[in-house]
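One structure below.
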Amino acid sequence: MRGGTIQGTIHLSMFAPLAQKIFGDRWFEQGTVSMYYTFATIDKEEVRAIIELPLDTTEEMLPLVTKDVQVKAWAELKNEQQIMIGTVSVGSPKEPSYLQAVELKNSNHEDLRILARYKIGDELPSKEILLTQEEANNGLGRITDQLDYYKGKDKSPWGNAVFYPTAMFEAMALGFERTSTDEFNAVPFYGATEIRNINGPALIGVPYIVKGKYICIGVSRKTEYFWLDSTLEEKETGKIVASMRHLNRFMKAGSPLYKDQ
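Under the working numbering, the first residue of the sequence shown carries the number 458, and numbering increases by one thereafter.
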């Protein structure tokens with residue numbers, strides 16, 4: 458490794474201003490960012506996000522406020538090293554998102570060591586969250602591409618300020634307080650994340666219930682991994698505001714559970 462790494466979920470927030478430019482404010486209500494992480498970044502490295510325009514679309518035609526469309530997107534370092542690849546979409550396009558199209562490969566339970574205690578379909582304990590404006594403001598310093606919509610009631614057309622994508626990940630990351638090296642006897646790292654606004658946006662100061670379950674658990678040559686699906690539901694109405702699909706990996710190398718390899 459080149460140094461201390463930055464989580465890929467921090468970079469997800471780079472796509473929001475671009476998505477707003479292409480799709481308008483509707484993206485915060487029904488937009489998706491779906492990314493597979495391909496290269497780790499370190500602190501202070503310059504990173505940029507890129508979203509392709511839809512076919513036969515020019516910048517003069519933006520924003521596309523009524524179309525349901527999905528486009529290729531990625532992020533890269535200054536030297537053009539790709540760090541993630543995926544899709545950004547709005548509405549309900551015909552094509553599956555980048556991560557929804559990934560084949561989920563489960564392994565036999567007896568092949569698991571690091572994740573031996575977990576089973577496909579296991580539900581995580583639900584939790585109630587309420588993100589305050591102060592907490593949201595404290596987290597904004599981690600992201601470089603900010604919007605006024607994140608910063609207060611007087612800035613957002615929905616009344617309250619909205620969650621930025623990184624905050625949405627953190628809200629729906631059930632059980633991640635337990636994904637430490639000591640807990641699993643292995644080094645964890647993020648492999649992929651999809652954030653989908655369903656009846657968005659998620660708003661600051663509104664209570665939500667987060668629910669989730671493991672949909673895939675497996676073993677690869679270098680890692681063990683799980684895929685988690687979770688939802689963000691409005692506490693008062695039960696309305697599903699957003700969902701997440703996330704891949705967590707755990708390194709076999711260095712794990713005492715793989716001393717024989």
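For glycine and all other residues, C-beta sits at the position ideal for the given N, C-alpha and C.
For residue i: DSSP bridge partner residues
i	result
Ile508	Ala530
Lys668	Thr688
Val698	Bridge partners of Val698: none, in fact.
Leu660	Val619
Arg706	Phe646 and Tyr682
Thr462	Ile499
Val676	Glu681
Nearest candidate by alpha-carbon position, reference residue i, set the options
i	options	result
Gly662	Lys612, Gly675 and Thr589	Thr589
Val526	Leu587, Arg483, Gln603 and Ser546	Ser546
Asn617	Tyr607, Thr623 and Phe626	Tyr607
Phe496	Glu651, Ile542 and Phe641	Ile542
Met492	Pro553, Leu519 and Pro645	Pro553
Glu486	Ile697, Asn705, Lys716 and Lys709	Ile697
Ala476	Trp615, Phe626 and Ala506	Ala506
Gly632	Gly657, Ser564, Lys612 and Ser583	Ser583
Glu537	Glu502, Pro511 and Thr515	Glu502
Val559	Pro511, Thr650 and Met708	Thr650
Leu689	Pro614, Glu681 and Val667	Val667
Leu685	Lys535, His566, Phe626 and Thr544	Phe626
Gly488	Ala699, Lys562 and Leu561	Ala699
Glu567	Glu681, Thr498 and Lys716	Glu681
Lys535	Glu592, Thr498, Pro614 and Thr514	Thr498
Ser557	His703, Gln718 and Lys716	Reading the sequence as shown, one finds Gln at residue 557 and not Ser. When only C-alpha atoms are compared, the closest one is His703.
Glu720	Tyr494, Leu569 and Phe707	The structure shown does not extend to residue 720, since the chain spans only 458 to 718, so no value can be given for it.
Contact check, residue i vs residue j, beta carbons under 7 Å
i	j	result
Glu509	Val528	yes
Ile540	Asp500	no
Met701	Ser712	no
Leu572	Ile674	yes
Tyr671	Asp579	yes
Ala473	Val504	no
Gly695	Leu581	no
Ile479	Leu512	no
Ser564	Val676	yes
Ala530	Thr544	yes
Own chain partners of residue i with C-beta closer than 6 Å, once the 5 adjacent residues on each side are dropped
i	result
Phe620	Ala659
Ala710	none
Asp605	Lys612
Gly481	Pro520 and Val522
Continuous alpha helix (DSSP H) stretch holding residue i: start and end
i	result
Met629	Pro622 to Met629
Glu517	Per DSSP, Glu517 belongs to no alpha helix (DSSP H) and is neither H nor E.
Lys584	Lys584 -> not in any alpha helix (DSSP H); beta strand (DSSP E) instead, spanning Glu580 to Ile586.
Phe472	Phe472 to Phe480
Gln590	Gln590 to Leu597
Same chain, Cβ closer than 7 Å to residue i, neighbours up to 5 away in sequence not counted
i	result
Arg483	Val522 and Val547
Phe683	Leu572, Tyr575, Tyr671, Cys673, Ile674 and Asn705
Lys692	Glu585, Pro664, Tyr665 and Ile666
Lys610	Gly616, Asn617 and Ala618
Leu561	Ile672, Cys673 and Trp684
C-beta neighbour in chain D for residue i, strict 7 Å
i	result
Glu560	Although the question refers to chain D, the structure presented lacks it and comprises just one protein chain.
Spatial neighbours of residue i in its chain, beta-carbon cut-off 8 Å, leaving aside the 5 residues before and after
i	result
Thr623	Thr466, Ile467, Leu469, Ser470, Gly596, Arg599 and Ile600
Asn642	Ile571, Ser712, Pro713 and Leu714
Pro550	Asp525, Val526 and Gln527
Leu587	Gly662, Val663, Pro664 and Tyr665
Ala628	Ile586, Leu588, Phe620, Ala659, Tyr665, Val667 and Leu689
Ile577	Asn563, Tyr671, Ile672, Cys673 and Ile674
Residue range of the unbroken beta strand (DSSP E) whose run includes residue i
i	result
Asp648	According to the sequence displayed, residue 648 carries Gly and not Asp. Segment Pro645 to Asn654, the beta strand (DSSP E) holding Gly648.
Thr544	Gln539 to Val547
Thr489	Gly488 to Tyr494
Residue i CB to nearest heavy atom of the ligand ATP below 6 Å
i	result
Glu690	Because no ligand of any kind appears in the structure shown, any question about the ligand ATP cannot be addressed here.
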